[in-house]
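J.: Using numbering that gives the first Met the number 0, you'd call the opening residue of the sequence shown number 0 and step up by one each time. One structure, pasted below without further comment.
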Amino acid sequence: MKIQRKADGRRVLTPEFKREQINRVIRGETTVAELSRELDVSRSLLQRWKPLLTQGGERAIAADEDVVPVSRLRATEQRIRELERALGRQTTAVEILQAAHDEVNKKPRWYGASPR
């Protein structure tokens, strides 16, 4: 496996790589402690990967839906927020225009002496 690194020097481990490593533990090919030493990652990190893999799959099967990556979920939520803001601006503009329209189309008011 070619190790990719972020700009700050940290390693980037792909989801596929993580899945394969956890499957090695599940199949009994290695232990969490051995894998931790082999990959030079903490045991607690490996312990966090396992439920993410198994629970994510179980949830997808139970709901009969695909598991959506968190990054895609966040991007979608961000897009929803942007659209809600745009809708709010448009709603405000419509309300202002409606108020102006109503003001222009009001019956004339007479100030001072009444017309004869």
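Ideal Cβ placement from N, Cα and C applies to all residues, glycine included.
Let me check one thing: in DSSP terms, what residues is residue 11 bridge-paired to?
T.: In the DSSP output, where bridge partners are listed per residue, residue 11 has 3.
J.: Mind reading off the beta-carbon distance from residue 42 to residue 32? Whole number of angstroms is fine, and I expect it under 8 Å.
T.: Yes, they are in contact, since the Cβ atoms of residue 42 and residue 32 sit about 6 Å apart, within 8 Å.
J.: Residue 11 and residue 5 - do their beta-carbons sit closer together than 7 Å?
T.: The answer is yes: Cβ separation under 7 Å.
J.: Rounded C-beta distance between residue 38 and residue 23? I'm assuming under 8 Å.
T.: In fact, because the Cβ distance is near 10 Å, the residues do not count as touching under 8 Å.
J.: For residue 20, count the other beta carbons within 10 Å of its own beta carbon; 16 or more makes it buried, fewer makes it exposed. Which is it?
T.: With 16 or more other Cβ atoms within 10 Å, it is buried.
J.: Starting from residue 35 and walking both ways along the alpha helix (DSSP H), at which residues does that stretch end?
T.: Taken as a continuous stretch (DSSP letters only), the alpha helix (DSSP H) holding residue 35 covers 31-38.
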